[in-house]
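What follows is a single structure, written as structure tokens, with notes after it.
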Amino acid sequence: MKKKSAIPLPEKRVSIKKSGNYRYVYYVQSYYVTKNGTRTHKDVAIGKLNEEDPTTFFPNQNYFELFTSSQPSEPEESSFKRAGFTCFLRELSKHLSLDSILCQVFEDAGEEILSLAYYMLAQGNTMTYLDDYYETHYNPHLCSPSEKKLGKLYALIEKGKRWSFFDLWRQATVREGDYVAYDVTSISTYGQDIELAGRGYNRDHENLPQVNVGVFYSQSAQLPIFYELYDGNIPDKTHLVDMIQLAEKLEVKLVTIVMDKGFLTSDNINFMMAHDIPFLMAFPQSQKLYRSWLLEYGQEVEQFAHYMGDLHCFGTQGPLTINDWELTGSIYLDMDKRGVDIVSLDSELNQREETLQAQVHKKMRKKKDPYFEVKVSDEKYITGYERKEESVNEAFKLCGLFGLLTNVADLDAEEALKMYRRRDVVESHYDSMKNQLEFYRLKTHHQQSTEAKFFIGFIAEIILAHIYRMFQTCELLPVRTFKSLVIELDKIYRIERSDGQVRANCLNRKQKDILELFDIEAEGFIRSICE
């Protein structure tokens, strides 16, 4: 963007005065003493301040009458580029050591990978507007990423280098004794030449090819460690063994692996017990074994001695035998959840009864109902129904209850729940990856571009996870959302003048607060923009 009417402020005798929504530049013509002995001056307005670059202003006729040597017909040109957000991301990359690790593995291509990650954080994963973005935004890595050059870059991001990065990133991220969370998500694609894509229904209920992604996270650092793409036809619970073996190759010491109930299978428990892998996972109420255990221990959990004040629920433990393995079950009663569950149960019973009432004396195919005994004549007509009071009372007793399963002997009920709740960071990372980075759908058509582009998205996800982590440390945030952070920092311009001088516009209070939250010194940040 070019602006031709703004010129530098005079070096001396200048003051700024605000009138309405604008600030004006005044030039002091003379100083004098009044009859009362007060020193004062005579000044005149010489133009309006340039709010985008407060070191310049738009001169009026008074200026040219006072400064006769000025040439209004050829004002100095200035080149403006938005620089705040991209330079902010560069500072975060340095803090996380992402820049040094990427350049160590990918050499010069590491800077391009970061540049593309910055673009994804700002614009999502559609690369169509990449060239346009860096036309208006300053790239602190001084490279020129282009949509036409992506194929060449994607070819450099091969599997061996990706795993070299994961190894170095693990060393920089995972602490001794760290808990590790694991989860899986799926990403849809329209691509036809992606070997890993398998047919399946996504969250929008679209039957599309999709790729599964398994990710390990450090719970202390709240950052993703590594991921693996695998065939969309392979169930999540089946791939757990492969991911654990990959973790061992990367020397990720699985102090405790935290998972949701989707990974609870006999084979997975047998594998983890046989290989001494400590785990913590939720278990479902729907399976008979766990349902019976919850009903048994649910009778004693609601005691004041079992109340965990910090977690606002009751909790206790008991032995639970699975496949001849002696494990520990933790049972919890959440009173808020109990109220919600009771209302939900009542609503479901009423709805089922209304449906059955409308079907009486009609010829219907008999369906098994968990809460009602349906009577059907020999001619297949529904003649009546009766509530299964025992089943209803059992469901009522389960309201508000939930359980966790572990093989860690010294993990008590309170610490187990705290650890499992920290796993929520995994879901927030998936949500951020799919929504903010637009990775709910892959916009690639070949295996190589899919794997490379997802790796770049993973780099962006690391930075985004760090931003959200810092958001959680502040009670009064300078901005409420990630999008508002992008908008605010994008107001910071890098101004390069035709005489070679480089400046940045002044920071406002909100921008300074954002930098302070991330421990970035404001003056040093401005200097980095002007380098």
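Residue numbers (UniProt numbering): 1 to 531. For glycine and all other residues, C-beta sits at the position ideal for the given N, C-alpha and C.
Excluding residues up to 5 positions away in sequence, Thr316, Gly318, Gly329, Ile331 lie with their Cβ nearer than 8 Å to the Cβ of tyrosine 297 in the same chain. At the C-beta level, leucine 116 and proline 140 stay beyond 7 Å of one another.
Inclusion of arginine 423 and valine 258 in the CB contact set at 7 Å is warranted, their separation being smaller than that value.
The three-state reading of DSSP puts leucine 9 in coil, since its state is none of H, G, I, E or B.
Close CB contacts of methionine 243 within its chain, under the 8 Å cut and outside five residues either way in sequence, are with Tyr182, Gly214, Phe216, Glu228 (chain order). Glycine 329 carries a strand assignment under DSSP once its states are collapsed to helix, strand and coil. Leucine 320 carries a strand assignment under DSSP once its states are collapsed to helix, strand and coil. Going by DSSP, glutamate 228 is part of the beta strand (DSSP E) stretching over 223-230. A contact is defined here as three or more CB-CB pairs under 8 Å, and the segment 104-115 fails this definition with respect to the segment 509-521.
Glycine 110 sits in a helix when the DSSP states are folded into three classes. The beta carbons of lysine 161 and valine 241 sit no closer together than 7 Å. When only Cα atoms are considered, lysine 337 and glutamate 496 end up about 59 Å apart.
The segment 22-29 makes contact with the segment 46-57, as at least three CB pairs between them are under 8 Å.
By alpha-carbon distance to aspartate 167, the top candidate from Val479, Val340, Pro59, Lys249 is Lys249.
For the pair leucine 398 and serine 347, the Cα-to-Cα distance works out to about 16 Å.
A distance of 7 Å or more separates the beta carbons of proline 8 and threonine 86. DSSP, read as helix, strand or coil, puts glycine 47 in strand. Under the three-state reduction of DSSP output, isoleucine 277 falls in the coil class, being neither helix nor strand. Residue range 335-359 is occupied by the alpha helix (DSSP H) that includes serine 347. Proximity of the segment 348-359 to the segment 297-309 falls short of the contact definition, fewer than three beta-carbon pairs being nearer than 8 Å.
Here the alpha carbon of tyrosine 32 sits roughly 40 Å from the alpha carbon of arginine 494.
Taking C-alpha positions only, serine 218 is separated from serine 97 by approximately 16 Å. For the options Ile459, His41, Leu345, Ser220, the alpha carbon positioned closest to that of glycine 177 is the one of Ser220. The alpha-carbon of lysine 375 is positioned some 8 Å away from that of glutamate 386. Here leucine 405 is near methionine 281, since their CB atoms are less than 7 Å apart. When secondary structure is reduced to three states using DSSP, glutamate 158 falls in the coil class, being assigned neither helix nor strand. For valine 479, there is no enclosing beta strand (DSSP E), as DSSP marks it with neither H nor E.
If you check the CB distance, leucine 156 and tyrosine 118 do not come in under 7 Å.
For cysteine 103, the secondary structure class from DSSP, reduced to helix, strand or coil, is helix. C-alpha of phenylalanine 458 to C-alpha of alanine 247: approximately 17 Å in a straight line. About 6 Å separates the beta carbons of leucine 150 and methionine 127, which is inside the 8 Å limit, making them a contact pair.
One alpha carbon belongs to valine 479, the other to lysine 512, and they sit about 12 Å apart. Rounded to whole angstroms, the gap between the alpha carbons of leucine 489 and arginine 13 is 32 Å. Taking 7 Å as the cut-off, the Cβ atoms of tyrosine 371 and serine 344 do not count as close.
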